[in-house]
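**Student:** I'd like to ask some things about the structure below.
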Amino acid sequence: MQLYLPIAELSVNVLLMIGIGAAIGFVSGLLGVGGGFLLTPLLIFTGIPTSVAVGTGAAQVVASSSSAAMTYWRRKQVDLKLAGVLVAGGIVGSAAGVALFNLLDASGQLDLFIGVAYVAFLGIVGGLMLVESVRTILRTRRGQPTPLRRVRDRTLMRRLPWRTRFRRSHLHISVIPVVALGFGVGILGALLGVGGGFVVVPALIYLFRVPTSMVIGTSLVQILGTMTATTILHAVTNNSVDAILALILMLGSVIGAQFGAGWAVHLRGETLRLLLAVLVLAVATRFLVDLVTPPQERYSIEEVSA
Amino acid sequence: MRRAAAALAIGLAAAPVAAETLVITLSAEEIRIASTFTGTTITVFGAIEDGEGLSGYDIAVALEGPRTETIVRRKDAVVGLWINRAEARFTNVPEFYAIHATAPLADIAAREALGALGLGVDNLALGPTMAAGAAATGFRQAVLRLRREAGRYVEDGGAVERIGSNLFRTTFSLPSDVPDGAYTARALLFRDGALQAEASENLAISKTGGEQFLFDAAHENAWLYALAVILMAASIGWLGGTIFRRD
Numbered sequence: 001m002q003l004y005l006p007i008a009e010l011s012v013n014v015l016l017m018i019g020i021g022a023a024i025g026f027v028s029g030l031l032g033v034g035g036g037f038l039l040t041p042l043l044i045f046t047g048i049p050t051s052v053a054v055g056t057g058a059a060q061v062v063a064s065s066s067s068a069a070m071t072y073w074r075r076k077q078v079d080l081k082l083a084g085v086l087v088a089g090g091i092v093g094s095a096a097g098v099a100l101f102n103l104l105d106a107s108g109q110l111d112l113f114i115g116v117a118y119v120a121f122l123g124i125v126g127g128l129m130l131v132e133s134v135r136t137i138l139r140t141r142r143g144q145p146t147p148l149r150r151v152r153d154r155t156l157m158r159r160l161p162w163r164t165r166f167r168r169s170h171l172h173i174s175v176i177p178v179v180a181l182g183f184g185v186g187i188l189g190a191l192l193g194v195g196g197g198f199v200v201v202p203a204l205i206y207l208f209r210v211p212t213s214m215v216i217g218t219s220l221v222q223i224l225g226t227m228t229a230t231t232i233l234h235a236v237t238n239n240s241v242d243a244i245l246a247l248i249l250m251l252g253s254v255i256g257a258q259f260g261a262g263w264a265v266h267l268r269g270e271t272l273r274l275l276l277a278v279l280v281l282a283v284a285t286r287f288l289v290d291l292v293t294p295p296q297e298r299y300s301i302e303e304v305s306a
Numbered sequence: 001m002r003r004a005a006a007a008l009a010i011g012l013a014a015a016p017v018a019a020e021t022l023v024i025t026l027s028a029e030e031i032r033i034a035s036t037f038t039g040t041t042i043t044v045f046g047a048i049e050d051g052e053g054l055s056g057y058d059i060a061v062a063l064e065g066p067r068t069e070t071i072v073r074r075k076d077a078v079v080g081l082w083i084n085r086a087e088a089r090f091t092n093v094p095e096f097y098a099i100h101a102t103a104p105l106a107d108i109a110a111r112e113a114l115g116a117l118g119l120g121v122d123n124l125a126l127g128p129t130m131a132a133g134a135a136a137t138g139f140r141q142a143v144l145r146l147r148r149e150a151g152r153y154v155e156d157g158g159a160v161e162r163i164g165s166n167l168f169r170t171t172f173s174l175p176s177d178v179p180d181g182a183y184t185a186r187a188l189l190f191r192d193g194a195l196q197a198e199a200s201e202n203l204a205i206s207k208t209g210g211e212q213f214l215f216d217a218a219h220e221n222a223w224l225y226a227l228a229v230i231l232m233a234a235s236i237g238w239l240g241g242t243i244f245r246r247d
């Protein structure tokens, strides 16, 4: 069943797109991640123009993160002040990211940049997760306890000015690194269409020592805020958000997420992380292969819209 | 088709009596692209009036879509990565071009004549470009090749069918991704390689209802469109979170 997408300006198979949405939802329900880092690449691989894939991917992240954020909000597991500071940095980062994105698009280097960025980003994240999950699995087999992480030296955090109290998280830290984290994730989201949860969550835990109960909810609210700004900025500056495609993907993912969450209870944490690592590395490899293999067609054409 | 034939009869009756007058009409004046559009066809009917009939004439019918500025980019290997390194802009590239004829174009007229008329995919004028020399030729060839492969440029030297002694007909296939805009159907009559007469008709291809509305909204009311998308995302997220509430 073909459906015409008004913004992407091409026809796609509706069932394929619902399938992609459901798969992303399943993975995000199973592994507790947003899924943007898989959605945008999958859309690009199926022939959706890169700019539409990123803009629409951002809109899909808004839907999935709002759904999950609600749950944590109800449980009072959100540090709204911390999330607000992160979003403030995120909006500025998002604006910078979208500006860079549009510059790259105009110069014809967007696909290259996105490809290289995904290879680097997913390669590092996937590699780290792979190593960590395999180590944990091996240790568990040998019956050794998982060693506790070394406490990081946080003197720098203490020395920086503008220290603020985040009551919910029992923290009294400088806002500078918090804003910087939000800013970085904002850039990442605008360029790659990802929420950045798997950068924010470890950062909140290991860098800022936010209590574990507050981490995921706070990160979700931060993603929701930042990706809302990103979606709006993409839609306004380069008209790349396809509402029809977004709707199909959102419906698919809402349903898929339920199945994923149901499955998650049967699997161990490190097994899930190993699965995620393999998935992430597979996507990175695909981008790398596309970058280094001689293309069948060296030429490409683009119509300049009036 | 019957309506088209009737229109043609009126056209024939009204046409002034002169040597080699060509008239054409289309099976539709407007094509609307809806969300379920999977491609369609458009038929061009034509007739000649000069008493002798069509025998001895060659006929070419071209259907041309809107022209836009187009960038062609070429990838080159740079330290192992394939990167867009060179580009050329052509100012006036047809988004769609199909030409049908009673015989291969090369048999209808000399290359120079076809070139002067801009007839045939290889003779299409793409407008001025900054690129020069061999590079420009390479980019030009790339546009023609890519558009041919995409089914946007078509040349068929056997698709114009003669009906009886005065009428001819040809049917163009429009693919599912046919660009919208103003099209022109142009018929040309040749005898012994020389152009004798020509006629043209306009065709409008437009997106309908929902598709056009969303496209316009995204481009002209971008802020409103963006807020609507966010509202949709938040509602679906909220619905999902409410329906499948797990705690």
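Residue numbers (the working numbering), protein chains in the order written: chain A, 1 to 306; chain B, 1 to 247.
Cβ atoms here follow ideal geometry from the backbone N, Cα and C, with glycine treated the same way.
Provide the residue span of the beta strand (DSSP E) that contains L203(B), from first to last.
**Tutor:** Looking at the DSSP string, the run of the beta strand (DSSP E) that includes L203(B) is 194-207.
**Student:** Note down the Cα distance separating A159(B) from H100(B), rounded to an integer number of angstroms.
**Tutor:** Approximately 5 Å between the Cα atoms of the pair.
**Student:** Per DSSP, what kind of secondary structure is G75(B) in: helix, strand or coil?
**Tutor:** Note on residue identity: the sequence assigns Lys, not Gly, to residue 75(B). DSSP places K75(B) in strand when its eight states are reduced to three.
**Student:** Please state whether DSSP places L126(B) in a helix, a strand or coil.
**Tutor:** Correct three-state label for L126(B): coil.
**Student:** If I'm right that V72(B) touches A199(B) with Cβ under 8 Å, what's the distance once you round it to whole angstroms?
**Tutor:** Between A199(B) and V72(B) the Cβ distance is about 33 Å, and since that is not below 8 Å, they are no contact.
**Student:** So R73(B) contacts chain A; which residues on that side make the cut at Cβ distance below 8 Å?
**Tutor:** Those within 8 Å of R73(B) in chain A are G108, Y299, S300, I301, E302.
**Student:** Mind listing which residues of the stretch 138-166 of chain B have their C-beta closer than 7 Å to chain A's C-betas, in chain order?
**Tutor:** Those would be A142, V143, L146, in chain order.
**Student:** Since F198(A) and G90(A) are thought to touch, with beta carbons under 8 Å apart, how far apart are those beta carbons, to the nearest angstrom?
**Tutor:** Actually they are not in contact, since the Cβ atoms of F198(A) and G90(A) sit about 16 Å apart, beyond 8 Å.
**Student:** Starting from the C-beta of N13(A), find all residues in its chain whose C-beta is less than 7 Å away, skip the five residues before and the five after it, and write them out in chain order.
**Tutor:** Correct list, in chain order: M1, Q2.
**Student:** Quick check: the Cα distance between T231(A) and D180(B), rounded to an integer number of angstroms?
**Tutor:** Answer to the nearest angstrom: the Cα atoms are 27 Å apart.
**Student:** To which residues of the same chain is E64(B) closer than 6 Å at the C-beta, ignoring the five residues directly before and after it?
**Tutor:** Around E64(B): P94, Y97, T184.
**Student:** Only counting the same chain, and skipping five residues up and downstream in sequence, which positions put a Cβ closer than 7 Å to that of L104(A)?
**Tutor:** Counting only Cβ-Cβ distances below 7 Å, and skipping sequence neighbours, we find L110, F113.
**Student:** What do you reckon, are the CB atoms on M227(A) and G256(A) nearer than 9 Å?
**Tutor:** Going by C-beta atoms, M227(A) is not nearer than 9 Å to G256(A).
**Student:** Tell me, please, whether the stretch 75-95 of chain A touches the stretch 240-254 of chain A by the rule of three or more beta-carbon pairs shorter than 8 Å.
**Tutor:** Taking 8 Å as the limit for Cβ pairs, the verdict is that the stretch 240-254 of chain A does not touch the stretch 75-95 of chain A.
**Student:** Under a Cβ-count criterion, where at least 16 other Cβ atoms within 10 Å of its own Cβ denotes burial, should M130(B) be classed as buried or exposed?
**Tutor:** Burial call: exposed.
**Student:** Any idea which residues DSSP pairs V44(B) with across the strands?
**Tutor:** BP columns for V44(B) point to L26(B), T170(B).
**Student:** With distance defined between alpha-carbon atoms, name the residue in E132(A), S51(A), F37(A), S219(A) nearest to V87(A).
**Tutor:** Ranking E132(A), S51(A), F37(A), S219(A) by Cα distance to V87(A) puts S219(A) first.
**Student:** If the criterion is Cβ atoms closer than 9 Å, does the pair L39(A) and L249(A) meet it?
**Tutor:** A contact, by the Cβ cut-off of 9 Å.
**Student:** Go ahead and label G143(A) buried or exposed: buried means 16 or more other beta carbons lie within 10 angstroms of its beta carbon, across all protein chains shown.
**Tutor:** Under this definition G143(A) is an exposed residue.
**Student:** Report the neighbours of I33(B) on chain A: residues whose CB is nearer than 8 Å to its CB, in chain order.
**Tutor:** Here the neighbours are Y4.
**Student:** At 4 residues or longer, what runs of the alpha helix (DSSP H) sit wholly inside the stretch 35-84 of chain A?
**Tutor:** Here the runs fully enclosed are 36-45, 50-74.
**Student:** Starting from the Cα of A222(B), find the closest Cα among T212(A), L224(A), H234(A), I216(A) and give me that residue.
**Tutor:** Minimum Cα distance to A222(B) is reached at H234(A).
**Student:** In three-state terms, what does DSSP make of N13(A)?
**Tutor:** Reduced to three states, the DSSP call for N13(A) is strand.
**Student:** Apart from the five residues just before and just after A69(A), which ones in its own chain have a Cβ nearer than 6 Å to its Cβ?
**Tutor:** Cβ within range, chain order: L220, V221, L224.
**Student:** Which partner residues does Y4(A) have in the DSSP bridge list?
**Tutor:** The partner list for Y4(A) (beta bridge, DSSP) reads S11(A).
**Student:** Under DSSP, the alpha helix (DSSP H) around L220(A) begins and ends at which residues?
**Tutor:** Element bounds for L220(A): 212-238.
**Student:** Quick one: is V175(A) buried, meaning 16 or more other Cβ sit within 10 Å of its Cβ, or exposed?
**Tutor:** That one is buried.
**Student:** So within the stretch 64-120 of chain B, which uninterrupted beta strand (DSSP E) runs reach at least 3 residues, ignoring any that extend past its ends?
**Tutor:** For the stretch 64-120 of chain B, whole beta strand (DSSP E) runs of length 3 or above, ordered along the chain, are 67-78, 81-94, 97-101.
**Student:** Closest to I301(A) by CA distance: which of G138(B), L105(B), P104(B) is it?
**Tutor:** Taking only the C-alpha atoms, the option nearest I301(A) is G138(B).
**Student:** Just confirm the distance between the C-beta atoms of L247(A) and M129(A), as a whole number of angstroms; I'd bet it's less than 8 Å.
**Tutor:** Contact flag wrong, Cβ pair sits at about 32 Å.
**Student:** For chain A, is any of its Cβ atoms less than 9 Å away from the one on A234(B)?
**Tutor:** With 9 Å as the cut-off, A234(B) counts as an interface residue toward chain A.
**Student:** Thinking just about the alpha-carbon of each residue, which of G80(B), S173(B), F215(B) is nearest to the one in G39(B)?
**Tutor:** Checked all of G80(B), S173(B), F215(B); the closest Cα to G39(B) is S173(B).
**Student:** Mind checking who V61(B) pairs with in its DSSP beta bridge?
**Tutor:** H100(B), A187(B), per the DSSP bridge assignment.
**Student:** Exposed or buried, A14(B), counting other C-beta atoms within 10 Å across all chains shown (16 or more means buried)?
**Tutor:** A caution first: A14(B) carries a pLDDT of 43, below 50, which makes its placement in the model unreliable, though a value can still be read off. It is exposed - the Cβ of A14(B) has fewer than 16 other Cβ atoms within 10 Å.
**Student:** Could you round the C-beta distance between S28(A) and N238(A) to whole angstroms and report it? I think they count as a contact, below 8 Å.
**Tutor:** Actually they do not touch by this definition, with Cβ atoms about 26 Å apart.
**Student:** Between the Cα of F166(A) and the Cα atoms of L15(A), G84(A), R298(A), which residue gives the shortest distance?
**Tutor:** When each option's Cα is compared against that of F166(A), the closest is G84(A).
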